[in-house]
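**Student:** Have a look at the structure that comes next, please.
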Amino acid sequence: MLRRSLRPVVLGLCWLVAASSLTNGRPVFAQEASPGAAGAVDVPSARDSRPLVWLRYYKARPGLGPELLRFLVERDGPYLDSLVARGTLISWGVARPFNLVDDRWTHVLWLTLPGWTEADSMVDAMGQLRSRLGPEALAEFETTLVPDSRRDLVLSNLVVVPEPGTASATARSEPRYIRLGYHRAGSEDLEAAERLYRDLNVPLCQRLIRQGAVEHCGLSVQAVVSEPEWTHVSWVLTENLAGIGRYQTDFVAAAEGTSEAGGPTFWERYREVFDREAYRSAIYRILHLGAASARAPDVKP
């Protein structure tokens, strides 16, 4: 397995979405949710300045997963680290599903951007990288993939715990797992979903982070809504699977005990905002964490 030393990567790890919800080959930047479409929630323009996470999904040919990972890390990696140093990217990395529930993809590369302004620079930079590699290297890369298996998605962060830039935002250990929960809002009230998360999950995550059980938590939405199956993804980063188990146990206990006198319980509030029957979850394994600091060397395309 190819890995790097720990760096502050929280903004680059709020990215993972289920492969079963990915749109086959459609360019996500060109899509908008249809007004009134079931399950589709348009993200307000006020969130355009939030960091974006561009995800590229691949499906490796049988037995060629290590070659695909090597290409992404050893050939693309130094240049991606350089883009972090220049400020075009915040961070990047590669992961795979831990519990395999879908065979449409095997690896995901994520690129975290400060915002839409940097998206053009990132696209140009990736084009320069491909030109530098040349046709032979690109053809070699294609041999590792199942044809037409690429998928793209773009996410935007609503909540990150701890908040980036705070003294507690640097991970104390290297995250190796991410636990994801997929939720479908029943209305266009994004603020209600965010309030619900902040009321229960934020205090819970803050406590578990202090105790060393988890590293980071957060809530994200699709920056460009292309998948009506879900509207929000909650995520928890941990060093090990025991941390995921601890989070799930403590979450259930906190949710069942959250109710002011005469007020609604957490689950009653949840059903007012989300379709509980649409909920699902997944666990992913982080294979590689790229640079997330200006110490990365400058590599010309």
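The sequence shown: position 272 = 1059 (my numbering), numbered continuously. Ideal Cβ positions, reconstructed from N, Cα and C, are used throughout, including at glycine. Here the structure is a predicted model, which means the values were calculated and not measured.
According to DSSP, which residues form a beta bridge with D939?
**Tutor:** The partner list for D939 (beta bridge, DSSP) reads R843.
**Student:** Should Q1009 go down as buried or exposed, given a rule of 16 or more other Cβ atoms within 10 Å for buried?
**Tutor:** Q1009 should be labelled buried.
**Student:** Relative to the alpha-carbon of G999, which residue among R982, A980, N988 and N1027 has its alpha-carbon at the smallest distance?
**Tutor:** Comparing Cα-Cα distances from G999 to each of R982, A980, N988 and N1027, the minimum goes to N1027.
**Student:** Decide yes or no for the touch test of the segment 927-943 against the segment 976-993: beta carbon pairs closer than 8 angstroms, at least 3 of them.
**Tutor:** No contact exists between the segment 927-943 and the segment 976-993.
**Student:** So within the segment 1026-1073, which uninterrupted beta strand (DSSP E) runs reach at least 3 residues, ignoring any that extend past its ends?
**Tutor:** Qualifying beta strand (DSSP E) stretches: none in this window.
**Student:** Using a Cβ-Cβ cutoff of less than 6 angstroms, which residues in the same chain neighbour E1043 once the five nearest sequence positions on both sides are dropped?
**Tutor:** Excluding residues within five positions, none has a Cβ falling inside 6 angstroms.
**Student:** Sorted by chain position, which residues of the same chain lie with C-beta nearer than 7 angstroms to R917's C-beta, five sequence neighbours on each side aside?
**Tutor:** Excluding positions up to five away in sequence, the list reads L925.
**Student:** Buried or exposed: V1060, going by 16 or more other Cβ atoms within 10 Å of its Cβ?
**Tutor:** The residue is buried, with at least 16 neighbouring Cβ atoms inside 10 Å.
**Student:** Consult DSSP for G852 and reduce its assignment to one of helix, strand or coil.
**Tutor:** In the structure shown, G852 sits in a helix (DSSP, three-state: H, G or I).
**Student:** Return the CA-CA distance between A1081 and S1021, expressed in angstroms with no decimal places.
**Tutor:** Note that A1081 scores a pLDDT of 40, beneath 50, so its modelled location is shaky and nothing firm can be said.
**Student:** Compute the Euclidean distance between the alpha carbons of I1031 and R966, then round it to the nearest angstrom.
**Tutor:** Taking the straight line from one Cα to the other gives about 7 angstroms.
**Student:** Smallest Cα separation from A1079: which of E1002, G880, L1006 and E950?
**Tutor:** Per the Cα distances, G880.
**Student:** Go ahead and label W1054 buried or exposed: buried means 16 or more other beta carbons lie within 10 angstroms of its beta carbon, across all protein chains shown.
**Tutor:** The residue is exposed, with fewer than 16 neighbouring Cβ atoms inside 10 Å.
**Student:** Does DSSP classify T875 as helix, strand or coil?
**Tutor:** Coil, per DSSP.
**Student:** Please name the residue or residues paired with A972 in a DSSP beta bridge.
**Tutor:** Paired residues: F1061.
**Student:** Output needed for D976: all residues of its chain with C-beta closer than 8 angstroms, excluding positions within five of it in sequence on either side, in chain order.
**Tutor:** Cβ neighbours of D976 beyond the five flanking positions: V1060.
**Student:** Between which two residues does the alpha helix (DSSP H) containing G914 stretch?
**Tutor:** Looking at the DSSP string, the run of the alpha helix (DSSP H) that includes G914 is T904 to T930.
**Student:** With a threshold of 7 angstroms on Cβ separation, who are the neighbours of R848 within its own chain once the five nearest residues in sequence on each side are excluded?
**Tutor:** So the list reads T931, L932 and V933, once near-sequence residues are dropped.
**Student:** Output needed for L842: all residues of its chain with C-beta closer than 6 angstroms, excluding positions within five of it in sequence on either side, in chain order.
**Tutor:** Cβ within range, chain order: W802, V895, W897 and L940.
**Student:** So what's G1077 in DSSP terms, helix, strand or just coil?
**Tutor:** Of the three classes helix, strand and coil, the one that applies to G1077 here is coil, per DSSP.
**Student:** Go ahead and pull the three-state DSSP assignment for N886.
**Tutor:** Looking at N886 - three-state DSSP - the assignment turns out to be coil, as it is neither helix nor strand.
**Student:** By a C-beta neighbour count over all protein chains shown, 10 Å radius and 16 as the cutoff for buried, is Y845 buried or exposed?
**Tutor:** Buried.
**Student:** In the DSSP assignment, find the unbroken beta strand (DSSP E) run with V895 in it and report its ends.
**Tutor:** H894 to L900 is the extent of the beta strand (DSSP E) around V895.
**Student:** Are the CB atoms of G1077 and L856 within a distance shorter than 8 angstroms?
**Tutor:** Cβ atoms of L856 and G1077: not closer than 8 angstroms.
**Student:** Quick test of your reading: L1006 and E978, contact by CB under 8 angstroms. State the CB separation rounded to the nearest angstrom.
**Tutor:** The pair is not a contact, with the Cβ atoms about 12 angstroms apart (cut-off 8 angstroms).
**Student:** Given a cut-off of 8 angstroms on the beta-carbon distance, is the pair Y969 and V1001 in contact?
**Tutor:** Against a cut-off of 8 angstroms, the Cβ pair of V1001 and Y969 comes out as no contact.
**Student:** Along the beta strand (DSSP E) that carries V1008, what are the first and last residues, could you check?
**Tutor:** Looking at the DSSP string, the run of the beta strand (DSSP E) that includes V1008 is H1003 to Q1009.
**Student:** Would you call the CB atoms of D1062 and G973 closer than 8 angstroms?
**Tutor:** A contact, by the Cβ cut-off of 8 angstroms.
**Student:** I965 bridges to which residues according to DSSP?
**Tutor:** Looking at the DSSP assignment, I965 forms a beta bridge with L1024 and Y1071.
**Student:** Flag R873 as yes if its beta-carbon sits less than 8 angstroms from any beta-carbon of chain C, otherwise no.
**Tutor:** In the displayed structure, chain C is absent; only one protein chain is listed.
**Student:** Just tell me which of P1015, R883 and L920 has its CA closest to the CA of G864.
**Tutor:** Cα-wise, what sits closest to G864 is L920.
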